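Residue numbers (the numbering used here): 127 to 310.
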């Protein structure tokens, strides 16, 4: 299934100041998340951000702050966003109120919060796509195991570039000119 901008919502999972320095592919995760956030804002795709126990792990990474103006940030204790009642209600509301039934996920860590969120949302009946080059773990083998398990559970795997061009759908527009520069 192709991602469609009018059906998508972006979920940014736990990219936090105290956790991020330990992520093996942190530069790639942050850079690609910036691309996704820029595209989401330009294309009017709603964004939801979670923070895992921010008292201990700190707030969302400061580098992402300029991209999150006006975005609701949810604090959670569950590893899975799907297990948090407030986040679950918010995602369901976006789906039911405006047909945002495609949940695109980026964040950290791949093998814990991203994995549990993706599986939980899929189990609840949502269509889920994980952006493989915008998720990370402390160790590569944890990332590999998470991606393998997600694939075995029929979670869609996409890249940042795939997501961007599927959301755009067509070249030759002002949106295409603006956003295609992000990946060059």
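Yeah, the Cβ is synthetic: ideal placement off N, Cα and C, and Gly gets one too.
Note that the structure is predicted; figures quoted are calculated from it, not measured.
Starting from residue 262, follow the beta strand (DSSP E) in both directions and report where the run begins and ends. For the purposes of this step, residue 262 is identified with residue 136 of the chain shown, where counting begins at 1. Element bounds for residue 262: 253–262.
Is residue 235 helix, strand or coil by DSSP? Here the question's residue 235 lines up with position 109 in the chain shown. Here residue 235 sits in coil by DSSP.
Exposed or buried, what is residue 304 when buried is set at 16 or more other beta-carbons lying within 10 Å of its beta-carbon? Start at 1 with the first residue of the chain shown, and residue 304 comes out as number 178. Residue 304 comes out exposed.
Whether or not the region 249–258 and the region 281–290 are in contact is what I'm after, with contact meaning three or more pairs of Cβ atoms, one per stretch, closer than 8 Å; do they touch? Yes, they touch.
Cutoff 6 Å; reference residue 205; Cβ partners in own chain excluding five residues on either side: Against the chain shown, residue 205 aligns to sequence position 79. Excluding positions up to five away in sequence, the list reads 238, 239, 242.
Over what stretch of residues does the alpha helix (DSSP H) that includes residue 174 continue unbroken? Counting from 1 along the chain shown, the entry for residue 174 is found at position 48. First-last for residue 174: 173–178, but that is the beta strand (DSSP E), not the alpha helix (DSSP H).
Over what stretch of residues does the beta strand (DSSP E) that includes residue 201 continue unbroken? Stepping through the chain shown from its first residue, residue 201 is reached at position 75. That run of the beta strand (DSSP E) goes 199–202.
Is it buried or exposed, residue 267, if we count other Cβ atoms within 10 angstroms and call 16 or more buried? Position 141 of the chain shown, counted from the start, is the residue given in the question as residue 267. Classification for residue 267: exposed.
Does residue 284 have its Cβ less than 8 Å from a Cβ in chain C? Protein chain content of the structure displayed is limited to a single chain, and chain C is not contained in it.
Within 10 angstroms of its Cβ, does residue 148 collect 16 or more other Cβ (buried), or is it exposed? Indexing the chain shown from 1 puts residue 148 at position 22. Its Cβ having fewer than 16 others within 10 Å, residue 148 is exposed.
At what residues does the beta strand (DSSP E) containing residue 130 begin and finish? Here the question's residue 130 lines up with position 4 in the chain shown. Segment: none, residue 130 is in no beta strand (DSSP E) and carries neither H nor E.
Selection from 178, 137, 254 that minimises the alpha carbon distance to residue 277: In the chain shown, residue 277 corresponds to position 151, counting from 1. Among 178, 137, 254, the Cα nearest to that of residue 277 belongs to 254.
Can you tell me whether residue 191 is buried or exposed? The criterion is at least 16 other CB atoms within 10 Å of its CB, across all chains shown. What you label residue 191 is simply residue 65 of the chain shown in a count that begins at 1. It counts as exposed.
Nearest-angstrom Cα separation, counted from residue 213 out to residue 200: If you number the chain shown from 1, residue 200 lands on position 74. If you number the chain shown from 1, residue 213 lands on position 87. C-alpha separation (whole angstroms): 7 Å.
For the beta strand (DSSP E) containing residue 282, name the first residue and the last one. Locating residue 282 in the chain shown gives position 156, where the first residue counts as 1. Unbroken beta strand (DSSP E) run through residue 282: 282–284.
Could you spell out the range, first to last residue, of the alpha helix (DSSP H) harbouring residue 205? As a position in the chain shown, residue 205 is number 79, starting the count at 1. For residue 205, no alpha helix (DSSP H) run applies, since DSSP gives it neither H nor E.
From residue 167 to residue 141, what does the alpha carbon distance come to, in whole angstroms? If you number the chain shown from 1, residue 167 lands on position 41. If you number the chain shown from 1, residue 141 lands on position 15. For residue 167 and residue 141, the distance between alpha carbons rounds to 18 Å.
By alpha-carbon positions, which one of 289, 138, 145, 162 ends up nearest to residue 217? Here residue 217 refers to the residue found at position 91 of the chain shown. With distances taken between CA atoms, residue 217 lies nearest to 138 out of 289, 138, 145, 162.
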